[in-house]
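Numbering (this note's numbering), first residue to last: 499 to 913.
Heads up, the beta-carbon is just placed ideally off N, CA and C, and yes, glycines get one too.
Owing to the predicted nature of the structure, the values given are computational and were not obtained by experimental measurement.
Since the structure comes first, as structure tokens, the remarks are kept for the end.
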Amino acid sequence: MIIRQGFSFKLKPDGAQNRKMSRFAGCTRWVYNQGLAWNEERRAADPAFHLSYSKLCTELLVWKEQNPWLKKTHSQVLQQSLKDLMGGFQKFFKGLSAFPKKHKKFVTTDSFRFPQGFKIDEGRRQIYLPSIGWVKYKRSRFIQGKAKNVTVSRQADGWHVSIQTEYEMEPPKHAGDSVGIDMGCVRFCTLSDGTFFEPCGALKKQLKKLAWMQRRLARMQKFGKNWRKQKAAIARLHQHIANVRRDFIEKVSLEICKNHAEIFREDLKIKNMTASAKGTVEEPGSRVAQKSGLNRSILDQGWGIFFNKLEWKALRLGGHVHTVPPQNTSRTCPICGCVSKDNRKTQALFKCISCGHQGNADVVAAINSKERGRSSLACGESEKNAQAQVNPGRSKKPAPNQQQESTEVISSACC
């Protein structure tokens, strides 16, 4: 099993290195925007024009001759920016994202990437970046695996480096049991065994301070010195909120994956759940303020990040995460199977109108998620066995992804 993992560290560059990084980020942003504009020009002149990475690289040589200052930036950094542009177009045509937009200064995150040529000295806590030199970094953990590429990005508290590594490991075997998970706002998540985790409320705890800082910013002269300082302070607070949320999710997901091999969760559509209820001028929405507060609470929990971390950690520890339909999980009695909205008396209380079973509504939802998942897995195994018994003597050539010697690739975001 091949593991692809990211490691993120804070850089400690000196003044000259800081200026070079800013120039590299500015040049990559300019090349990205230039490639986007060049594609629009060619498409306007020839609707049949097909953009490709090789065409962009050829045009990059022309841009360097026309703008000599681009030659001060490492060529691979500029090429990676064009690759990002092509990746944006590919995602757009696949329906995964919107059409690539122009990168704006102070709006788009400054970043650039080195696919090769870098060196890492963990003993001295330094990393060599081509055309920049050896840069010190704050080592919070040791790097595991072979480094494949390095991305440098500017955040609110300075420059950070993300190192993507790759290594092999034997598929582990998990000895834990199965568990169902129910997500919520009052409780972050509740397990089918009765365990629950209180929400960290990273944004909620800082909401008053954030509103006060934003009011101060609104009264300042735009683009003035104090305005820039206040804007940087707000950005640092947002990063602190994100760090608290990320740390909480890392700990909760690890604890669940360590103790349970099979994890069943509801297949929640977070984008649909957090859609605005304002409506239109002709058809205004109802209870807009309540829906806005619910949306903020859901997004503050970081459910999407939690689901990604849960799948990554479970696979690495030998477990599996399964999704089940979320309909009526908190309205179905796990004892008699009665489904009714009257079963849920309050937000927390569940009492079946048929058999009288009583319990916490979140625990009941987690139990139903677990039972649905186990039933679905059992049906899947039964279908496989039935198909095998139809033609027991007939051999079937395995597909490429079913070969015994195939290697599973698991990717993770930066840790």
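Scanning Gln574, Asp608, Asp582, Ala542 for the CA closest to the CA of Ala523 turns up Asp608. Of the candidates Gly791, Asn647, Gln653, Arg622, the residue whose Cα lies closest to the Cα of Val605 is Gln653. In terms of Cα proximity to Arg713, the closest of Pro628, Lys723, Ile732 is Ile732. Within the stretch 806–854, the runs of beta strand (DSSP E) that reach at least 3 residues and sit entirely inside it are, in chain order, 818–822, 847–849. Between the beta-carbon of Gly802 and that of Ile754 there is about 16 Å, and that puts the pair past the 8 Å contact cut. Here Glu760 is near His820, since their CB atoms are less than 8 Å apart. Spatial neighbours of Phe597 in its own chain (CB-CB distance under 6 Å, excluding positions within 5 residues in sequence) are listed in chain order as Phe590. Membership of His736 in the alpha helix (DSSP H) is indicated by the continuous run 723–757. Apart from sequence neighbours up to five positions away, the residues of its chain that approach Glu620 with a beta-carbon distance below 7 Å are Arg637, Phe640, Ile641, ordered along the chain.
Only residues of its own chain outside the window of five on either side were considered, and among them Gly783, Val786 have a CB closer than 6 Å to the CB of Lys776, listed in chain order. Taking the Cα of Pro545 as reference, the smallest distance to any Cα among Leu568, Asn537, Asp512 is reached at Asn537. DSSP places Cys698 in the coil class of the three-state scheme, outside both helix and strand. About 12 Å separates the CB atoms of Tyr551 and Leu576; that is not less than 8 Å, and the two are not in contact.
For Cys687, the enclosing beta strand (DSSP E) stretches over residues 687–689.
Taken through DSSP and simplified to helix, strand or coil, Asp512 comes out as coil.
Counting C-beta atoms within 10 angstroms of its own C-beta, Arg541 has fewer than 16 neighbours from the protein chains shown and is therefore classed as exposed. Contact between the stretch 852–871 and the stretch 823–842 is present: three or more C-beta pairs spanning the two stretches fall below 8 Å. Here the C-alpha atom of Ile851 lies approximately 8 Å from the C-alpha atom of Cys836.
Exclusion of the five residues before and after Arg734 leaves Ala654, Asp655 as the residues of its chain whose Cβ lies within less than 7 Å of its Cβ. When rounded, the separation of the alpha-carbon atoms in Gly674 and Ala812 is 11 Å. Note on Trp657: 16 or more other CB atoms within 10 angstroms of its CB, so buried under the neighbour-count rule.
In the three-state scheme derived from DSSP, where H, G and I count as helix and E and B as strand, Thr526 is classed as helix.
Judged by DSSP in its simplified three-state form, Gly791 adopts helix. With fewer than 16 other CB atoms across the displayed protein chains lying within 10 angstroms of its CB, Gly722 is exposed.
With respect to the C-alpha of Lys671, the residue from Lys849, Leu815, Gly513, Ser873 having the closest C-alpha is Leu815.
Going by DSSP, Met771 is part of the alpha helix (DSSP H) stretching over 768–771.
The three-state reading of DSSP puts Ser552 in helix, counting H, G and I together.
Here Lys729 has Leu715 as same chain residues with Cβ atoms under 8 Å from its own Cβ, once five neighbours each way along the sequence are excluded. Of the candidates Arg870, Gln578, Lys634, the residue whose Cα lies closest to the Cα of Thr649 is Gln578. Note: Val650 is bridge-paired with Phe610, Val659 in the DSSP secondary-structure output.
For Ser795, the CB contacts under 6 Å within the same chain, skipping 5 residues up- and downstream, are Cys683 in chain order. Boundaries of the beta strand (DSSP E) harbouring Trp632: 631–636, taken from the DSSP string. In this structure, the alpha-carbon of Leu554 lies about 52 Å from that of Ala876.
Here Leu568 is actually not in contact with Gly533; their C-beta atoms are around 13 Å apart, not less than 8 Å.
Distance from the CA atom of Val750 to the CA atom of Gln704, rounded to whole angstroms, is 21 Å.
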